[in-house]
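Data first, discussion second: the structure below is written as structure tokens.
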Amino acid sequence: MNVRSRLVVFVTVVFVTVASVGAAGLVTNHGMTAQPTVDQQQFQPSAIDAPTVDRNGTISYDDNGESKTIVIDVAHSNDVSEETLEPVVSALTAGGHTVQYHEASDEFDSDPAADLNKTLRGADALIVVEPETRYTAEEAAGVSAFADAGGRVLFAAGPDSSGLGGLLGLLGGTQPTGDEFAAVTSPVGIAYDTGYLYNMEEYANNFQTIYATPSTDSELTDGVNRVVFDGPTPVVADGQTLLTTLEGTEHSETRETGAYSVFARSGNAIAVGDPGFMSSTNYNRADNDVLISNILEFLVSGEKVSGAPEEANAERDTGMKVESSDTGMKAGSSPPQMPST
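Those letters in the sequence shown? Residues 1 to 341, by the UniProt record's numbering.
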């Protein structure tokens, strides 16, 4: 068989294989997935959002006129890019505040807690996005002491799709945010669940881009009607649940439907289940800009005690317990833990 004939056979085999997969569906670790058609609801525009999500918002916040220092942690292999926080950083610097990145220092290679505490002593607020390296107990205690002293903390994380994006990432399953995050959120009374949330009935662009609405009156939800999150992870705290998804939202692991907490507060710390809502792509969708504005005002309006944290203490405990309910996850009392799924 000559080269040209072999090429024809190869192309024919590839065509037949692709056609067969398209007709039969996709085999994943969740079983056989039927081929989607244009008649399936999850691939159609949502009736609640016709014709499009508003994108006219801008970030605007009030402060007391005092310049504050906001630290973004990048010392724990954080999965955060410049694009992810560009609107946040731009709005803070435009308001006269200083944004500083905390990187691991060779000087404190054997004592990362001392390194982090040194940075936090000169800071007023801390932003932690999806760490992939676990915090030591001493580092976590330092963050907790920072919050107790009046420092403001923002945690942001979503499910880790192990590098698979889009539909393939969803069908392949997602990993939990992990012990890397729990190590630093638990001491301040915050817990992240595993998996992601989606809604097959009411959504923005597709079933994964879902809405969340205020669940309580708070300065952090003031002016917010609804925001758009992309496959968020449930998050709860021993303080306030601030935003919940719409009823009918489903959990990727349990398949249970309900309204899930995706934005919560515990004292001077707040946590959101989707860092992507702050990105340059999503910050002005629906009321995302209003929520971001409220978050920035929260971060720069704290009054931290000078010189804190002095030193880490790994024996701190907030006494929070997280338990599940029919409408999502709620905060209660006792040690922090997530519900079993």
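No residue lacks a Cβ here, since even glycine has one placed at the ideal position from N, Cα and C.
Taking just the CA atoms, how far does residue j sit from residue i?
i           : j      : result
Asn64       : Gly189 : 28 Å
Gly142      : Glu180 : 15 Å
Thr69       : Glu201 : 42 Å
Glu138      : Asn205 : 43 Å
Thr216      : Thr241 : 7 Å
Arg265      : Pro232 : 16 Å
Val290      : Thr58  : 8 Å
Asn284      : Ala113 : 36 Å
Gln100      : Asp73  : 9 Å
Lys304      : Ala269 : 13 Å
Thr245      : Phe263 : 10 Å
Glu256      : Ala308 : 43 Å
Leu208      : Glu250 : Looking at the sequence provided, one finds Gln at residue 208 rather than Leu. Distance between the alpha carbons of Gln208 and Glu250 is about 10 Å.
Ala259      : Asn199 : 10 Å
Thr254      : Asp274 : 19 Å
Asp111      : Pro187 : 20 Å
Asn282      : His97  : 23 Å
Ser252      : Arg134 : 25 Å
Phe229      : Ile210 : 6 Å
Leu197      : Ala286 : 19 Å
residue 344 : Gly122 : Coverage of the chain is limited to positions 1 through 341, which leaves residue 344 absent and any answer about it impossible.
Ile48       : Glu247 : Its pLDDT being 43, under 50, Ile48 is placed unreliably in this model, and the coordinates cannot settle the point.
Gly22       : Pro159 : A caution first: Gly22 carries a pLDDT of 43, below 50, which makes its placement in the model unreliable, though a value can still be read off. Cα to Cα, Gly22 sits roughly 28 Å from Pro159.
Ser67       : Gly239 : 28 Å
Ser301      : Gly267 : 14 Å
Glu151      : Leu92  : Position check: residue 151 holds Gly in this sequence, whereas Glu was assumed. Going from the Cα of Gly151 to the Cα of Leu92 covers about 16 Å.
Tyr203      : Glu107 : 49 Å
Asp124      : Ala182 : 22 Å
His102      : Pro214 : 32 Å
Ser144      : Asn288 : 28 Å
Phe146      : Glu310 : 9 Å
Val128      : Ala149 : 18 Å
Return the Cβ separation of residue i and residue j in integer angstroms, given the expectation that the two are a contact with Cβ distance under 8 Å.
i      : j      : result
Val71  : Leu154 : Wrong, their Cβ atoms sit about 11 Å apart, outside the cutoff.
Val227 : Ala237 : Actually they are not in contact, since the Cβ atoms of Val227 and Ala237 sit about 18 Å apart, beyond 8 Å.
Asp79  : Glu132 : 6 Å
Val184 : Ala157 : Incorrect: roughly 11 Å between the Cβ atoms, too far for contact.
Ser261 : Val224 : Between Val224 and Ser261 the Cβ distance is about 15 Å, and since that is not below 8 Å, they are no contact.
Ser60  : Ser293 : 5 Å
Where does residue i fall in DSSP's three states?
i      : result
Phe207 : coil
Glu103 : coil
Val89  : helix
Ile72  : strand
Glu250 : strand
Glu308 : Contrary to the premise, residue 308 reads as Ala rather than Glu in this sequence. If DSSP states are grouped into helix, strand and coil, Ala308 belongs with coil.
Gln35  : Bear in mind that the predicted position of Gln35 carries a pLDDT of just 35, short of 50, making it too unreliable to give a figure here.
Ile190 : strand
Ser218 : coil
Gly142 : helix
Ser293 : helix
Ala212 : strand
Arg121 : helix
Ala183 : helix
Gly57  : coil
Ala147 : helix
Thr133 : coil
Ala157 : coil
Thr281 : coil
Val84  : One detail in the question is off: residue 84 reads as Thr in this sequence, not Val. Thr84 falls in the helix class under three-state DSSP.
Val300 : helix
Classify residue i as buried or exposed, calling it buried when 16 or more other Cβ atoms lie within 10 Å of its own Cβ.
i      : result
Gly332 : Only weak support exists for where Gly332 lies, its pLDDT of 34 falling under 50; the value from the coordinates is given anyway. When all chains shown are included, Gly332 counts as exposed.
Ala271 : buried
Thr119 : buried
Asp115 : buried
Glu130 : buried
Gly195 : buried
Asp62  : exposed
Ala191 : buried
Ala75  : buried
Ala94  : exposed
Gln44  : Because the pLDDT of Gln44 is 37, which lies under 50, any placement of that residue in the model is unreliable, and the number read from its coordinates should be weighed accordingly. By the 10 Å Cβ count, Gln44 comes out exposed.
Pro306 : A small correction: the amino acid at residue 306 is Ser; Pro does not occupy that position in the sequence shown. Exposed, by the Cβ-count rule.
8 Å is my cut-off, CB to CB: does residue i come that close to chain B?
i     : result
Thr84 : As a matter of chain content, chain B is missing from the structure shown, which is built from one protein chain.
Sufficient close CB pairs (3 or more, under 8 Å) joining the stretch 219-226 to the stretch 286-302: yes
Any contact of the stretch 271-290 with the stretch 79-96, i.e. 3+ C-beta pairs under 8 Å? yes
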